[in-house]
Amino acid sequence: MEQKEVAELQLEKVSGFNGQVHFGMRLHPDKEHLIYPLGSTVVLVRIKDGKRQFLHGHTSDISCLSMSKSGIYIASGQVNYNDFEAEIIIWDYAKRCVYTEFVIHETKVEALAFSPNDKYLVSLGGQDDGRILLWNLKTKQAVCSAPAMPLSLCHRLTVKYSNTNDCMFVSAGRGTLQIWELDEFNKIKPTDCRMRKLKRTVKCIEFSPDDEFIYCGTTTGDILKISTKTKVLADYGPMKTKHNLGANVLKVLGTGDLLVGSGFGTLTLCSPTTFKASKRVQMNNGVTSIALKDNGRQFFAGTDASEIYCIDMFDFKAELVSTNHHGAVLDVSIAFGSSELFVTGSEEDIRVWHKDKSKQLMRITEPCLSCNSVHLMIDGHSIVTGWNDGKIRIFAPQSGRLMLIIHNAHRNGVSAIKGSTDCKKIVSGGQEGTVCVWELLKHGQRRLAFLTEHKHTVRCVQIKKDDMECVTASMDGTCIIWDIVKFVRIRKVISQNSSFKTVCYHPEEHQIITSGTDRKIVYWDVHDGTRIRELHGTETSAINCMHVSHDGRFFVTGGDDKLVRVWDYMEGVVTHVGKAHGGGITSVEICCNNSTLVSTSSDGAIMRWNFPHPLLE
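Residue numbering for the sequence shown follows numbering that gives the first Met the number 0, beginning at 0 and increasing consecutively.
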């Protein structure tokens, strides 16, 4: 398929940030780059112009990220399937490549921390592993390890290295707080901190600048202060006004003051002695990362809803820098006749974006629901969406007003939806395999047909330009062409070895192309249903989505291999490949003037590419 070298797609803009990885956002010591995870990739963002670079190497989602004090190394760990080993990758920041890899922890890497002089890396395994390992960065070998603790008694959640001592670090979690020291025999020995009668679950750890004290944020919302010399609890607080939903993240400033981010979204500047708040700012969601900038005069804060704020230390006001989907983006639709606007559907919300500004214009939220499919009608007057609660909701794109809701459209959820060219009909597909045709009236809707030939989820719906026929692709391995005037089946295409995930009409509408779990792209004749041509789409993963350019010369595919491929329709060869996504690609679409390609993925990313084949004059 890709025997020879193919050109790379030019990436123009990216929207995406995984704020659910605690301490995942870091500011490099050069003060020019922000570093954070996105799916299985590590993203390096140049702050002044937003230019992004991607570090690819992980096979699954990144679960933790750390950076050395000098900025020479970045470390990232991943989560894997049960009973499989999870990988740790050490990245060379200057060369933007892998320095070394460690594979020993089972299922998940919980936390990572570098020693202050870049000599060691300490890693903590997840709940199924629980071991602590110390790695020598120069020899790229494990120095020593410590076994897991009984889960019935305690569970380690985080590790933190000393600011000045390469031979001391701390681990903490549920029912455990230990200071570890490396002896002359290269063995690490723990000392349990004496907590008086307190029982806490520690979520985050910070050392004071001189390493005299350790500060620990807890799930109960108080801060513990431990002496590193005596290993005894010295103080804790605040006593009255605790940090709501726990102290998620801590940062010690050069002045000794504490920045505390809570699960409720409050950022607080506290005294290290009394723990009383001197400044406070409220954000919309729980704080998971703090990255200091300009020697502490400003700092970035990341939230679990994938938002990034910039806060000035002087006035302590939060400015929203970036907002992103915090769940998988399941569908995208670009405005017809213009490439300026596009709509994305995700878990809990749909969003309207401006292409050139890469700015979110509007967000429509439906809590606890997931938008499986979205379509921006050709006239631009409505956004048609299908949701997992079985309802179809139609919104106004300018105001976000709910114009119409169709209850019980599909019993187990709406899985696919498309509007007709005249904007008077909707065809929807359901999780249970049904296909419905709806007529949009001035003050409501009317169901015209209820078609039940599919036996499994309908993954894709496409309508011909004359609004007389449509085609539906299903996970049951069938693709059916329907007459949506007489509401009967015209033709069925059956593939025994594949579950169809996507189908597209060629603009001339004499052919359809399909793809799915068998990784093949098949051209079919619309009139007699015969197989015309078959291409090998990918080598390893299913193809989830496809879109044909409006001039019919090219099409785009995306799948679980995280690559966006541009194909020549007639030649059947790949002309360009886009390598940036850190999750499986869920949808792709080319704008009508062939200038822009938008792709979305399961890690919450939206990527806008420069489409390499402009329209012919």
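Where is the CB? At the ideal position from N, CA and C, for every residue including glycine.
Assuming Val251 is part of the beta strand (DSSP E), what are its boundary residues? Taking the first residue of the sequence shown as position 1, residue 251 is located at position 252. 246–251 is the extent of the beta strand (DSSP E) around Val251.
Three-state secondary structure (DSSP) of Asn543: Here residue 543 refers to the residue found at position 544 of the sequence shown. Three-state DSSP puts Asn543 in a strand.
Determine whether the beta carbon atoms of Asn283 and Glu306 lie at a separation below 8 Å. As a first step, residue 283 must be located in the sequence shown, where it is residue number 284. As a first step, residue 306 must be located in the sequence shown, where it is residue number 307. Result yes, Cβ atoms of Asn283 and Glu306 sit closer than 8 Å.
Drop a sphere of 10 angstroms on the beta-carbon of Leu401, count the other beta-carbons inside from all chains shown, and report buried for 16 or more, exposed for fewer. For the purposes of this step, residue 401 is taken as the residue at position 402 of the sequence shown. Classification of Leu401: exposed, given that the 10 Å Cβ count is below 16.
Report the rounded CA-to-CA distance for Ile621 versus Asp466, giving the unit in angstroms. Since the first residue shown for the chain is 0 and the last is 616, residue 621 is missing from the structure and cannot be characterised.
Around the Cβ of Met617, are there at least 16 other Cβ atoms within 10 angstroms (buried) or fewer (exposed)? Outside the modelled stretch of the chain, which goes from 0 to 616, sits residue 617, for which no answer is possible.
Is Asp617 helix, strand or coil when you go by DSSP? For the chain, the structure presents residues 0 to 616; residue 617 sits outside this window and is missing.
What are the boundary residues of the beta strand (DSSP E) that Tyr98 is part of? Residue mapping note: residue 98 aligns to position 99 of the sequence shown, counting from 1. Boundaries of the beta strand (DSSP E) around Tyr98: 96–105.
Separation of His154 from Lys390, as counted between CA atoms: Position 391 of the sequence shown, counting from 1, holds the residue named residue 390. Position 155 of the sequence shown, counting from 1, holds the residue named residue 154. Rounded to whole angstroms, Lys390 to His154 spans 42 Å at the Cα level.
Considering Cα atoms alone, identify which of Phe335, Met361, Val502 is closest to Asp378. By one-based count along the sequence shown, residue 378 stands at place 379. Nearest option by C-alpha distance: Phe335.
Where do the N-terminal and C-terminal ends of the beta strand (DSSP E) with Gln444 fall, by residue? For this step, residue 444 is matched to residue 445 along the sequence shown. Annotation: the continuous beta strand (DSSP E) that includes Gln444 extends over 443–450.
By Cβ distance below 6 Å, which residues in the same chain neighbour Lys250 in space, the five residues on each side in sequence not counted? Your numbering for residue 250 matches position 251 in the sequence shown. These residues qualify, in order along the chain: Leu258, Ile289.
CA-CA distance, Ala579 and Met238? Indexing the sequence shown from 1 puts residue 579 at position 580. Indexing the sequence shown from 1 puts residue 238 at position 239. Looking at the two C-alpha atoms, the distance is approximately 47 Å.
From this set, Ala74, Lys68, Phe101, Leu403, which residue's C-alpha is nearest Glu84's C-alpha? Mapped onto the sequence shown, residue 84 falls at position 85. When the alpha-carbon of Glu84 is set against those of Ala74, Lys68, Phe101, Leu403, the nearest one is in Phe101.
From what residue to what residue does the beta strand (DSSP E) around Ser226 run? Walking along the sequence shown from the start, residue 226 turns up at place 227. That run of the beta strand (DSSP E) goes 222–226.
Whole runs of the beta strand (DSSP E) within the segment 338–418, excluding any shorter than 3 residues: Correct list: 340–353, 358–375, 382–386, 391–394, 401–405, 413–418.
Determine the direct distance from the alpha carbon of Thr287 to that of Thr218, and round the result to whole angstroms. Mapped onto the sequence shown, residue 218 falls at position 219. Mapped onto the sequence shown, residue 287 falls at position 288. Using only the alpha carbons, I get a separation of about 13 Å.
Take the Cβ of Ile531 as the centre, count every other Cβ of all protein chains shown within 10 Å, and call the residue buried at 16 or more, exposed below. Position 532 of the sequence shown holds residue 531. Its Cβ having fewer than 16 others within 10 Å, Ile531 is exposed.
Delimiting residues of the beta strand (DSSP E) encompassing Lys278: Working through the sequence shown from its first residue, we reach residue 278 at position 279. Where Lys278 is concerned, the enclosing beta strand (DSSP E) stretches over 276–281.
Which stretch, first to last residue, makes up the beta strand (DSSP E) that contains Thr533? In the sequence shown, counting from the first residue as 1, residue 533 sits at position 534. Sequence check: residue 533 is Glu here, not Thr. Per DSSP, Glu533 is one residue of the beta strand (DSSP E) stretching across 530–535.
For Thr477, write down the residues that DSSP places opposite it in a beta bridge. Here residue 477 corresponds to residue number 478 of the sequence shown, with the count starting at 1. Thr477 pairs with Ile493.
Alpha carbon to alpha carbon, how far is Met376 from Ile349? Numbered from 1 along the sequence shown, position 377 holds the residue referred to as residue 376. Numbered from 1 along the sequence shown, position 350 holds the residue referred to as residue 349. Rounded to whole angstroms, Met376 to Ile349 spans 15 Å at the Cα level.
My understanding is that Glu507 touches Lys519, with C-beta atoms under 8 Å, so please give their C-beta distance in whole angstroms. The sequence position of residue 507 within the sequence shown is 508, counting from 1. The sequence position of residue 519 within the sequence shown is 520, counting from 1. Not quite, the Cβ-Cβ distance comes to about 22 Å (not below 8 Å), so this is no contact.
Between Leu232 and Arg173, is the Cβ-Cβ spacing less than 8 Å? In the sequence shown, counting from the first residue as 1, residue 232 sits at position 233. In the sequence shown, counting from the first residue as 1, residue 173 sits at position 174. No, Cβ-Cβ distance for Leu232 and Arg173 is not below 8 Å.
Considering only the alpha carbon of each residue, which of Ala141, His406, Val331 lies closest to His374? The count along the sequence shown starts at 1 and reaches residue 374 at position 375. His374 has its Cα closest to that of Val331, out of Ala141, His406, Val331.
Using the rule of at least 16 other Cβ atoms within 10 Å of the residue's Cβ for burial, across every protein chain shown, is Lys354 buried or exposed? Position 355 of the sequence shown, counted from the first residue, corresponds to residue 354. Lys354 comes out buried.
Can you look up Asp191 in the DSSP assignment and give me helix, strand or coil? Taking the sequence shown and counting its residues from 1, one reaches residue 191 at position 192. Residue state, collapsed to three classes: strand.
Sort Asp311, Asp314, Gly285 by Cα distance to Ala304 and report the nearest one. By 1-based counting over the sequence shown, the position of residue 304 is 305. Answer by Cα proximity: Gly285.
Burial state of Cys370 (16 or more Cβ within 10 Å): Taking the first residue of the sequence shown as 1, we reach residue 370 at position 371. Flag for Cys370 reads buried.
With H, G and I counted as helix, E and B as strand and the rest as coil, what does DSSP make of Cys469? Position 470 of the sequence shown holds residue 469. Strand.
Can you tell me which residues form a DSSP beta bridge with Thr40? Against the sequence shown, residue 40 aligns to sequence position 41. Answer is Leu37, His55, bridged to Thr40.
Which residue comes first and which comes last in the beta strand (DSSP E) that contains Asp311? By 1-based counting over the sequence shown, the position of residue 311 is 312. Residues 306–311.
One or two residues paired with Arg607 in a DSSP bridge: Here residue 607 refers to the residue found at position 608 of the sequence shown. Paired residue(s): Lys12, Val597.
DSSP state of Leu197 mapped onto helix, strand, coil: Within the sequence shown, the letter at position 198 stands for residue 197. Note: Leu197 maps to coil in three-state DSSP.
Going by the beta-carbon positions, is the gap between Thr363 and Ser381 smaller than 8 Å? Stepping through the sequence shown from its first residue, residue 363 is reached at position 364. Stepping through the sequence shown from its first residue, residue 381 is reached at position 382. Correcting the residue identity first, residue 363 is Ile in this sequence and not Thr. Not a contact, by the Cβ cut-off of 8 Å.
Quick check on Phe83: does DSSP put it in helix, strand or coil? Here the question's residue 83 lines up with position 84 in the sequence shown. In the structure shown, Phe83 falls within a coil segment according to DSSP collapsed to helix, strand and coil.
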